[in-house]
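Undergrad: Dumping the structure here so I can ask a few things about it.
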Amino acid sequence: MKPRVVVTREVFDETIDFLAQHCEVDANQADAAHTPDALAQKLADKDGVMCALTDRIDAALIARCPRLKAVANIAVGYNNIDVAACSARNIRVTNTPGVLDDSTADLAWALMLATARRVTEVESYIRKGEWTGWRLKQWLGTDVHHATLGIIGMGRIGQAIAKRALGFDMKVLYHNRKPLAAAIERRLNATYVSLDDVLTQSDFVVLQMPYSPETHHLIDAVQLGKMKPTAILINSTRGGVVDDAALIEALKTGVIRAAGLDVFEGEPKLNPGFLELKNVVLVPHIGSSTEATRRAMAMTAATNLVAALSGKKPPNLVNP
Ligand code: DGY
């Protein structure tokens, strides 16, 4: 008997084909949204689930899924899953590290460059037909090259962001749970400093730490107040690490110059305050969204799920 699995949202056909070689698959290629209750009903008689970061796999759901043995998240972040509750039931949890580092770093850089050079603001101006000619003091932006980049969260993606800064001759400061090995610091030309030093000294502050109760609202009004008034904040990790209401106030009142955001508290709902601001670049959680990377993420999750259900150690096991 093949194990029975649910794939909660649409994935690539090749992912379903691969899973179908090993499992009985309940797919959702129509990408129909489901309520937590509908998901629990679907999973009640299943052995595994391949889920998205928008699915909450919490203790209440797990209690309704007596057969569940594996949860494969199609994301590197797994704050949507109660790992402790899964571990208590011996359910294996996996994620997709590695395959999305470069794409996510590219997007963080896209946000840095777009905010610094006001790309979305001027694009809208030119599309409205308002451009009447070149002027010396028109649309002045901020230089990225030779500026100081501060990265909070120096895991794989943070390091990929730092690597790109070498080409822009930037000074790189970082804060992390612990410092990197000296050889990596040398290769990235990056210096470990306190959180306060990142905030007070950087021209660009990029957030790349995982979301958890400890990092909830790590960037609030007090921390924003420590940043330079000319500084730009980039959030390419998770909504919730920033207090969005405090950020809107800081952007409105000139506490910082601008922000580039891929993620939001309570997304896909957006604090409407963002929409009134010109000094913020908003994109809808697309950090890893290139064709090649999303295919790789889905296949990584499928490989993890099959391994977990065949009793092997999955390549990307998250449970301690
Ligand atoms: C992740 O993998 O955690 C990303 O946020 C998905 O884009």
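The numbering of the sequence shown is the working numbering, which starts it at 8 and goes up by one. We put the beta carbon where it would ideally sit given N, CA and C, even for glycine.
1) From the DSSP output, which residues share a beta bridge with K178?
2) Considering only the alpha carbon of each residue, which of G273, L180, H153, V287 lies closest to H224?
3) What would DSSP say about G148, mapped onto helix, strand or coil?
4) Contact between the segment 146–156 and the segment 207–219 is defined here as three or more beta-carbon pairs at a separation below 8 angstroms; is this criterion met?
5) Along the chain, which unbroken stretches of the alpha helix (DSSP H) at least 4 residues long are found entirely within the segment 245–275?
6) Does the separation of the CB atoms of R163 and P73 fall below 8 angstroms?
7) Can you give me the Cβ contacts of N278 inside the same chain, cut-off strictly under 8 angstroms, excluding the 5 residues immediately before and after it?
8) Assuming A34 is part of the beta strand (DSSP E), what are its boundary residues?
9) Measuring from the CB of V100, is there a heavy atom of the ligand DGY at a distance below 7 angstroms?
10) Report the three-state DSSP secondary structure of M57 (helix, strand or coil).
11) To the nearest angstrom, how far is the alpha carbon of V18 from that of A27?
12) Between the C-alpha atoms of A112 and G294, what's the straight-line distance to the nearest angstrom?
13) Spatial neighbours of P236 within its chain, please: C-beta separation below 8 angstroms, excluding the five flanking residues on both sides.
14) CA-CA distance, D86 and T101?
TA: In short, the structure shows the following:
1) Here residue 178 refers to the residue found at position 171 of the sequence shown. DSSP output for K178 lists T155 as bridge partner(s).
2) By 1-based counting over the sequence shown, the position of residue 224 is 217. Ranking the options by Cα distance to H224, first place goes to G273.
3) Locating residue 148 in the sequence shown gives position 141, counting from the first residue. G148 falls in the coil class under three-state DSSP.
4) Cβ pair count under 8 angstroms is three or more, so yes.
5) If we require 4 residues or more, the alpha helix (DSSP H) runs fully inside the segment 245–275 come out as 251–260.
6) Translated into the one-based positions of the sequence shown, residue 163 becomes position 156. Translated into the one-based positions of the sequence shown, residue 73 becomes position 66. No, the pair does not count as a contact, with Cβ atoms beyond the cut-off.
7) The residue you call residue 278 lines up with position 271 of the sequence shown. Here N278 has D251, A252, I255, F271, E272 as same chain residues with Cβ atoms under 8 angstroms from its own Cβ, once five neighbours each way along the sequence are excluded.
8) Working through the sequence shown from its first residue, we reach residue 34 at position 27. That residue, A34, is in no beta strand (DSSP E); it is neither H nor E in DSSP.
9) The residue you call residue 100 lines up with position 93 of the sequence shown. Result no, Cβ not under 7 angstroms from the ligand DGY.
10) In the sequence shown, residue 57 corresponds to position 50, counting from 1. For M57, the three-state secondary structure derived from DSSP is strand.
11) Working through the sequence shown from its first residue, we reach residue 18 at position 11. Working through the sequence shown from its first residue, we reach residue 27 at position 20. Their Cα atoms are separated by approximately 13 angstroms.
12) Mapped onto the sequence shown, residue 112 falls at position 105. Mapped onto the sequence shown, residue 294 falls at position 287. Here the C-alpha atom of A112 lies approximately 8 angstroms from the C-alpha atom of G294.
13) Residue 236 sits at position 229 when you count from the first residue of the sequence shown. So the list reads G261, V262, I263, R264, once near-sequence residues are dropped.
14) Numbered from 1 along the sequence shown, position 79 holds the residue referred to as residue 86. Numbered from 1 along the sequence shown, position 94 holds the residue referred to as residue 101. For the sequence presented, residue 86 should be read as Asn rather than Asp. Spanning the alpha carbons of N86 and T101 requires a straight line of approximately 12 angstroms.
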